[in-house]
Amino acid sequence: MMRLSSAYFKILNITIVRTTNAKTLLSESDNTNDSIYNYYEQFDKEISDRLSVCVEHHIAVIKFAETVESIFTYVFLLQFIVSAVGICLAGFTFTSAPVGSFEFVFAISLPVTLIIQITFYCTFGNEVTLQVCYLLDLTNNDFFDD
Numbered sequence: 059m060m061r062l063s064s065a066y067f068k069i070l071n072i073t074i075v076r077t078t079n080a081k082t083l084l085s086e087s088d089n090t091n092d093s094i095y096n097y098y099e100q101f102d103k104e105i106s107d108r109l110s111v112c113v114e115h116h117i118a119v120i121k122f123a124e125t126v127e128s129i130f131t132y133v134f135l136l137q138f139i140v141s142a143v144g145i146c147l148a149g150f151t152f153t154s155a156p157v158g159s160f161e162f163v164f165a166i167s168l169p170v171t172l173i174i175q176i177t178f179y180c181t182f183g184n185e186v187t188l189q190v191c192y193l194l195d196l197t198n199n200d201f202f203d204d
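Each number in my numbering corresponds to the 1-based position in the sequence shown with 58 added.
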């Protein structure tokens, strides 16, 4: 679900870039600054309509992300706490188990598995955060660039 939220934000980023970037919409031969400004004047209504669709899409993505967050917040928190406790218990077993025994191998493999599991949650959450940051940068910095 977090990956899906990230993909929705990425699609929104691409849509905004394509909507507001006049150079990609103008033909190669008509590349002067005057034509870019004329383009914006001429197609102001179309650009406004496209941006309205982007805003509606953004609101839908935010609602989806809030729904996912409300459903899975406690599940992820519980899983994170259980994994952290498992790492601690396996670390204790690791210190008290004889080297080379089954308990020793188990005490090494379990924390590695739990750390990888926690890393997946953190990675996907970070990806959503990065896509939102890209969206903010796009709307703050690149929105009016030629």
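Cβ coordinates follow ideal geometry from the N, Cα and C atoms, glycine included.
These figures come from a predicted structure and were not determined experimentally.
Tell me which residues share the same chain as residue i and place their Cβ nearer than 7 Å to its Cβ, disregarding the 5 neighbours each side in the sequence.
{"i": "residue 172", "result": "141, 144, 145"}
{"i": "residue 148", "result": "165, 168, 169"}
{"i": "residue 192", "result": "71"}
{"i": "residue 175", "result": "141"}
{"i": "residue 134", "result": "179"}
{"i": "residue 109", "result": "77"}
What residue range is occupied by the uninterrupted alpha helix (DSSP H) comprising residue i?
{"i": "residue 133", "result": "102-154"}
If you reduce the DSSP assignment to three classes, tell me which class residue i lands in.
{"i": "residue 183", "result": "helix"}
{"i": "residue 63", "result": "helix"}
{"i": "residue 159", "result": "coil"}
{"i": "residue 68", "result": "helix"}
Please return the same chain residues whose Cβ sits closer than 6 Å to the Cβ of residue i, not counting the five positions on each side in sequence.
{"i": "residue 189", "result": "64, 67, 68"}
{"i": "residue 85", "result": "Note that residue 85 scores a pLDDT of 48, beneath 50, so its modelled location is shaky; the value from the coordinates is reported in the next line. So the list is empty, once near-sequence residues are dropped."}
{"i": "residue 154", "result": "none"}
Is it the case that the Cβ atoms of residue i and residue j are separated by a distance below 8 Å?
{"i": "residue 122", "j": "residue 179", "result": "no"}
{"i": "residue 73", "j": "residue 112", "result": "yes"}
Beta-carbon within less than 8 Å of residue i's beta-carbon, same chain only, minus the 5 sequence neighbours each way: which residues are those?
{"i": "residue 119", "result": "63, 66, 67, 70"}
Legend entry - Three-pair Cβ contact test at 8 Å for the stretch 152-164 versus the stretch 174-189: no
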